[in-house]
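Participant: Protein chains in written order, with the working numbering: chain A, 1 to 959; chain B, 1001 to 1245. Backbone N, C-alpha and C fix where the C-beta goes; we use that ideal spot for every residue, glycine too. A single structure is presented below for examination.
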C-alpha cells in the first residue's frame, strides 16, 4: 500500500517536474522580499545625500535682493556678516537642566545650578546673551548630531551617499561653506570632528573619543589648546568639543559626584573664557565682535544613555553671548523667552529653539552661504544677538527694531528660497522623494509668501516714503515665511524621523505568514513521506528535534537583549559547543564516531578563540581596524618569528587545501566540464599564493611590476570564478547519465564549492585558508554525525529523514564562521579593505558585490551550496531521485526556516526596542545584517535548487 | 573522554525499569541522610567562608569555592563509598569489606582530578576564560564540579564503562543509588549551563563574572537534583513495597 502511495507521489512529481520540489522555496523568497521591503520602508528611514553645494553667486537667482545699486556690488555674500569671529564650545551630552536655573524645574537636583557663570552673564546683560532650550532630533548620537548641526538637515540612520565606509561628510555643510568663504577654522577635542571633516581645519587637536572610562584626556587637551588660541588671530571660527560630561554620564550616571565635579570644572573654564573675551573686547581688539556659543549636541538620561528620542535625550541647551553689545533686544513678537528668578534672586530668561536651525543661523551671522541641504530657519533671537544684524547701510529714518525687522525679513527671504531650492532638488533626484501632495502643499505656501514679497514688501521697501505701511507689511512677510519653513520642517520630520508603524506591522505580519508557510511545507513533505517517518527511530528523532528547537529558541530569545547581540558570536559558539557535547553523548551511547564528535568539539573550542579575538577587536573599535582585515596579522604584530609564521602558515594551509581537493576529486568520476572547474580552482589557489607572496616580498617585485600581483591576480581570480560558474551552468545541459544521482549530487556540490572557495579565500585575506580548513573539518564532522543513529539493525533499506538537528548544527556553525572570520554585525565590522582587493579606485557595484562575498562568503554562500552533502552522505545506497530530492528540498526548507526564525526575532526585537537607546547603535545594524543575510540565503537557496534539482522526469527509471 | 557532560533535559526517567538483582539499593532514610549531609556540607562551607573569613561567592569566588569543595570532599567520598557496587561479597569477611571500602575511597580520590579536568575542558569549550588571572577560579570551580558529578559515580560504580555510559550518556539510572548519582550530577551541569546565560548582560554586577553565576547555577541545580533523587528513591521504595505485598 505504501509502495502505491509512493508511486502516486512520484507520478505527481513526474507531472510537475522539478518545480514540484522547489516551488515553495520561491514562494518563501517572494514572501520574505515583500515583508522586508514593507518593514524596512517603515523602520529604516533613508535620506539621499545630494552632491550639490551652495555658491556665493547663487543668491542672485532668488528674488530677495533689491535692484538698487549698492547691493549689486555686494552680491558675493548672501547676508551681511553680523559677527566677525565665532567660538563654539560643544559640551557633549549637555542636559538642559545643567544650564537652566533649577527654578525652571519642579524639583531641584544637586546636578543643577552648577554652570553658574552662564546664568550670571544672561541676567547681567539680557540683550547680548541668551540661554536656549535646544531641541535635537533623533537619532541622538554624537556622530549623527554633529552631522545634523553642521548640515542643517535631519540625518537618518541610513544616509545614502558617496561616503562608502568613511564617515566623512560629503554633503554641503557649515564647515565646507566656511572654508569656501576663506574662513579659517581651528578645532580641538573629540576626534569625531576630524573623521567627519578630514580636510576642513586650519589646525586641529583631536583626541580619541572611544575610551569612555577616561573622563579627562579630551577635556585636558581642549583646555591646553583653548586658552592660547583665544589670544591668537589666525582663526575665524574655533570649535572646542569637551567629552567629560558624556563619559561621566556613561560610566557613573548623572547623579554622581564625578558629574558634579565635571560641571564645576566646566564652570571655571567658561568663566575664564568669558573673562578673556571681555578683556579683549575693546575696539580694534581681537574679540571686538565675537560670538561665543556654548552648546550640547544632545542630552542624556539619568543613566547617561542617549541615542533615542526621549525628552531627556533630545533636550539640550545653547548659550550664546555676543561680545559686542547689540543696541536692543529682539522685538517682542519674536521673543519666545520665559523668565524666572533663580535661587540668587536674579531674573533669568530662557528661550527655545530647534537644533535644526543652528547651521543656517550661524551661516547668516557670519555672512556665508547657507548649506545646500539645510532645512532650518534663521532663528530670530539668536540672530538678534549679532550686533551687525542691527545695522542698515541705507540711511533711513527707522527705529532700531524696524531696521532689524527689515534685515531679518530679507534673510528669511533668502532662507526660504534656499530651502525651497533644496526640496525641489531633493524630490527631483532622490529615488524616494516626497509625495506629490506634500510637494504641492509646500509649493503653494511658498508661492503665497513669494507673491507677497514681490508685490507688496519689495515695492514698499524701494519706495522709501511709505514707512508706516512698511513695518506691518514686513511683519506679515516674516509670518508667511515662518509658515513656509515650519511646513517644510514638519514634512521633513515626518519623512526622516518618524517610524511608519502600519508599514512595520504589515511587514511583521507577512514575515509571520511566511514562517507558517515554511512550517507547513515541511510538514507536507513529511506527510507525503509518511512511510519514512513511521519506520524511523521515532524517539531519537523526536528528542533530537526537540533539542534543535530548544537551541533555536534560546538563540532567538537572546536577541531580545542588546548585550546578547553584542556578544552574539559567543552565544552562537556556546550553543554550538552545547550541540557538540550532546552529539558526543549520543556517539558514546552508540559507541561509534567518537573521533568525529570529539573533533567537532575541539573545533568549536578553536572557533571560540577566533571569535574572542574578533570581539576584542570590535571593542577597541574603528580607526586601527581598517588597517588589519585579518586577525592573523593582528596576533602576529609582535615577534619576528610570528611574522614569518603568519606569512608562511596560510600559504601552507592553502597548498594542503589544493592537494586535498585534487585527491578528493581524482577518484570520483567527473564530467569534463566539472573537471575543468576543479582544475581552475587549484590554479586560483596558486595565483592567490603568488598574490600573497608579492604583497610582502621585495625581491619578487624586482622581476615584475607591483600592479600585476596586486591588481591583476585578484582580477584573474574573479574572472576564473565567473568562468567556472558559466561552465557549471553549461555543464547542466549535459547530464551525466552514466553515474547515479547520488554521486552526481556529490560531484555537483564539490564543483560548486570549489568554484566559490578561491574567491572567498582571497577576499578573507590570510585567515581565509584556516577558516576554509575549519569549515571543511566542521562540515565533515556534522555530515558524519548526522547518520549516527543509522543502526545496522534496521538494515540498509531503511530510509530515514534527516531531522532538524544536523541542519541546526550546520546553521550554528555557519554563524560561528561569520564571527570567526573577523566580522560582526555593525558597519565598522565590514572589511572595507577587502573591497579594494583588485581595485585601485572606487567603483560602487563591483565593490559592493565583493564586500558581500567577503562578509557572507563563509557564513552563507558556502554553507548553502554545501548543504547537499548532508543528504548525499546520509544514503549509502542509491535510492533514486525522488527520495533524494524530497530530502534535499526538505533540508533547504529547514535551513531557510531556521534563518527566517532568527531574522523574524530580530525584527520583533527591533520593533519592540524602536525607542531603545541602542536602537541605532546595535539593533539597527543587526537588523540590516540579518535581513540582508536572510534575503541572500533565500536567493541562494533558490539558485541552488535550480542547480541541484534536475528534471524529475526519470524518477521512475531509478526507482 | 568527555562523556560525563550532558546537557539534554531528559531528567524524566522511567522508574518502572528498576531491576532488583545487581545494583545496590539504599533505603529512603539513607538517601535522606546523604542528601542532608551534602546540603549541610554546602551550608557549612558557606558559613565558614562567611563568618570565619568574611568572604562569600561574590567577593572572593576562588576561596569560597575552595571551601565548598574542601568540605564536600570527605562527605561525598566517605558517604558514597559505602554504597559501592557488590558490597554483598564482603558479608562474610569484615576485612575484605574494609579493603573494598578503602578502594572505593581511593577511586573517589582519583576521580577528583580527572573529573576536574573533564569539567574544565567542557567549560573551556563553552567559553570559560582561559587567561592566567582566572586560573585559580577555574581550577577550584572544576574541582567543585568534579565532586558534584564524577566523584560519587566513581566511588559507587568504579571503572565500569557500561554503567558510566548508561548513567551519564543515556540518563537511565537503575536503582536507588544510581538516582542519587545521576540526578544531582545532571542537575549541576544543567544548572551551570543556565547559570552562564546572565554573564553577557550589561548589568555590570560583580556576580556576572566567571565563575560566580555559573557556580550559583550549578549549586542550585545540584540541590534540586538531590531533592529530586530523594523523591525518586522514595517512590522507588514505595513501588517495591507495593510489589512485595
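1. Does any CB atom of chain A fall closer than 8 Å to the CB of residue 1165 of chain B?
2. Using a Cβ-Cβ distance cut-off of 8 Å, determine whether residue 1246 of chain B contacts chain A.
3. Can you tell me whether residue 780 of chain A is helix, strand or coil according to DSSP?
4. What is the rounded straight-line gap between the Cα of residue 206 of chain A and the Cα of residue 312 of chain A?
5. CB-CB under 7 Å to residue 1066 of chain B, same chain, minus the five flanking residues each way: which ones, in chain order?
6. Does any residue of chain A bring its CB to less than 8 Å from the CB of residue 1124 of chain B?
7. Residues of the segment 1160-1187 of chain B with a CB closer than 7 Å to any CB of chain A: list them in chain order, please.
8. The segment 1050-1083 of chain B: which residues have C-beta closer than 8 Å to a C-beta of chain A, in chain order?
9. Counting C-beta neighbours from all protein chains within 10 Å, is the total for residue 444 of chain A 16 or more, i.e. buried, or is it exposed?
10. For residue 83 of chain A, which residues in the same chain have their Cβ closer than 6 Å to its Cβ, ignoring the five residues on either side in sequence?
11. So, helix, strand or coil for residue 188 of chain A, using DSSP?
12. Would you check if there are 3 or more beta carbon pairs closer than 8 Å linking the segment 1069-1087 of chain B to the segment 1142-1149 of chain B?
13. Using a Cβ cut-off of 8 Å (strictly closer), state whether residue 555 of chain A contacts chain B.
14. State the Cα-Cα distance for the pair residue 50 of chain A and residue 426 of chain A, rounded to the nearest angstrom.
15. How big is the Cα-Cα spacing for residue 597 of chain A and residue 154 of chain A?
16. Which bits of chain B does residue 290 of chain A rub up against, with CB to CB less than 7 Å?
17. Is the beta carbon of residue 938 of chain A closer than 8 Å to that of residue 32 of chain A?
18. In whole angstroms, what is the alpha-carbon distance linking residue 546 of chain A and residue 553 of chain A?
19. Whole alpha helix (DSSP H) runs in the segment 73-144 of chain A with 4 or more residues, listed along the chain?
20. Residue 905 of chain A lies in the beta strand (DSSP E); which residues open and close that run?
21. Contact between the segment 238-258 of chain A and the segment 89-103 of chain A: three or more CB pairs below 8 Å?
22. Between residue 1225 of chain B and chain A, is there a C-beta pair that is closer than 8 Å?
23. Can you tell me whether residue 663 of chain A is buried or exposed, with buried defined as 16 or more other CB within 10 angstroms of its CB?
24. With DSSP as the reference, please indicate the residues paired to residue 293 of chain A in a beta bridge.
25. Does chain D have any CB closer than 8 Å to the CB of residue 1221 of chain B?
26. Straight-line CA distance for residue 594 of chain A to residue 586 of chain A?
27. Please work out which residues of its chain come closer than 6 Å, Cβ to Cβ, to residue 1035 of chain B, disregarding the five sequence neighbours upstream and downstream, and give them in chain order.
28. With 8 Å as the threshold, decide whether the Cβ of residue 1157 of chain B is near any Cβ in chain A.
29. Would residue 1113 of chain B pass as an interface residue toward chain A - the criterion being a Cβ-Cβ separation below 8 Å?
30. Using only alpha-carbon positions, find the residue among A:752, A:760 and A:753 that is nearest to residue 714 of chain A.
31. At what residue ranges does the segment 398-473 of chain A contain a whole run of the alpha helix (DSSP H), taking only runs of 4 or more?
32. For residue 315 of chain A, list the residues DSSP reports as bridge partners.
33. Helix, strand or coil: how does DSSP classify residue 341 of chain A here?
34. Just verifying my parser: in three-state terms, what is the DSSP assignment at residue 238 of chain A?
35. If we call anything under 8 Å between Cβ atoms a contact, is residue 559 of chain A one with residue 909 of chain A?
36. Assuming residue 684 of chain A and residue 767 of chain A make a contact with CB atoms under 8 Å, what is their CB distance in whole Å?
Facilitator: Checking against the coordinates, here is how it stands:
1. Within the second chain, the letter at position 165 stands for residue 1165 of chain B. Yes, residue 1165 of chain B counts as interfacial toward chain A.
2. Any property of residue 1246 of chain B remains undetermined from this structure, which presents chain B solely from 1001 to 1245.
3. The count along the first chain starts at 1 and reaches residue 780 of chain A at position 780. DSSP places residue 780 of chain A in helix when its eight states are reduced to three.
4. Here residue 206 of chain A is taken as the residue at index 206 of the first chain, counted from 1. Here residue 312 of chain A is taken as the residue at index 312 of the first chain, counted from 1. Straight-line measurement puts the Cα of residue 312 of chain A at about 28 Å from the Cα of residue 206 of chain A.
5. Indexing the second chain from 1 puts residue 1066 of chain B at position 66. For residue 1066 of chain B, where only same-chain residues beyond five positions count, the Cβ hits under 7 Å are 1140.
6. By 1-based counting over the second chain, the position of residue 1124 of chain B is 124. Yes, its Cβ sits closer than 8 Å to a Cβ of chain A.
7. 1165, 1169 and 1170
8. Answer set for the segment 1050-1083 of chain B: empty.
9. Looking up residue 444 of chain A in the first chain gives position 444. Result: exposed.
10. Translated into the one-based positions of the first chain, residue 83 of chain A becomes position 83. Spatial neighbours of residue 83 of chain A in its own chain (CB-CB distance under 6 Å, excluding positions within 5 residues in sequence) are listed in chain order as 289, 291, 365 and 386.
11. Locating residue 188 of chain A in the first chain gives position 188, counting from the first residue. Strand, per DSSP.
12. yes
13. What you label residue 555 of chain A is simply residue 555 of the first chain in a count that begins at 1. Look at residue 555 of chain A: its C-beta is not under 8 Å from any C-beta on chain B.
14. Taking the first residue of the first chain as position 1, residue 50 of chain A is located at position 50. Taking the first residue of the first chain as position 1, residue 426 of chain A is located at position 426. One C-alpha to the other measures close to 7 Å.
15. For the purposes of this step, residue 597 of chain A is taken as the residue at position 597 of the first chain. For the purposes of this step, residue 154 of chain A is taken as the residue at position 154 of the first chain. Cα to Cα, residue 597 of chain A sits roughly 54 Å from residue 154 of chain A.
16. On the first chain, position 290 is the one that residue 290 of chain A refers to. Neighbours of residue 290 of chain A on chain B: none; closest Cβ ~44 Å, over 7 Å.
17. Reading the first chain from its first residue, position 32 is the one you call residue 32 of chain A. Reading the first chain from its first residue, position 938 is the one you call residue 938 of chain A. In this structure, residue 938 of chain A lies closer than 8 Å to residue 32 of chain A by Cβ.
18. Reading the first chain from its first residue, position 546 is the one you call residue 546 of chain A. Reading the first chain from its first residue, position 553 is the one you call residue 553 of chain A. Their Cα atoms are separated by approximately 10 Å.
19. 96-99 and 116-124
20. Counting from 1 along the first chain, the entry for residue 905 of chain A is found at position 905. No beta strand (DSSP E) holds residue 905 of chain A; the alpha helix (DSSP H) holding it covers 881-912.
21. yes
22. Your numbering for residue 1225 of chain B matches position 225 in the second chain. So no, residue 1225 of chain B is outside the interface.
23. Indexing the first chain from 1 puts residue 663 of chain A at position 663. Per the 10 Å Cβ criterion, exposed.
24. Here residue 293 of chain A is taken as the residue at index 293 of the first chain, counted from 1. DSSP, once it has assigned bridges, lists A:88 and A:320 as partnering residue 293 of chain A.
25. Among the chains of the structure shown, chain D does not appear; the protein chains present are A and B.
26. Within the first chain, the letter at position 594 stands for residue 594 of chain A. Within the first chain, the letter at position 586 stands for residue 586 of chain A. Those two C-alpha atoms are separated by around 9 Å.
27. Residue 1035 of chain B sits at position 35 when you count from the first residue of the second chain. Contacts found: 1226 and 1230.
28. The residue labelled residue 1157 of chain B in the question sits at position 157 within the second chain. Chain A, which has no Cβ nearer than 8 Å to the Cβ of residue 1157 of chain B, makes this no.
29. Counting from 1 along the second chain, the entry for residue 1113 of chain B is found at position 113. It does not; no Cβ of chain A falls within 8 Å.
30. Your numbering for residue 714 of chain A matches position 714 in the first chain. Selected option, being the one with the closest Cα: A:760.
31. 400-429, 436-452 and 458-462
32. The count along the first chain starts at 1 and reaches residue 315 of chain A at position 315. Answer is A:135.
33. Taking the first chain and counting its residues from 1, the one referred to as residue 341 of chain A is at position 341. Three-state result, residue 341 of chain A: strand.
34. Here residue 238 of chain A corresponds to residue number 238 of the first chain, with the count starting at 1. If DSSP states are grouped into helix, strand and coil, residue 238 of chain A belongs with the strands.
35. Locating residue 559 of chain A in the first chain gives position 559, counting from the first residue. Locating residue 909 of chain A in the first chain gives position 909, counting from the first residue. Yes, the pair counts as a contact, with Cβ atoms nearer than the cut-off.
36. As a working mapping, residue 684 of chain A is identified with position 684 in the first chain. As a working mapping, residue 767 of chain A is identified with position 767 in the first chain. Actually they do not touch by this definition, with Cβ atoms about 18 Å apart.
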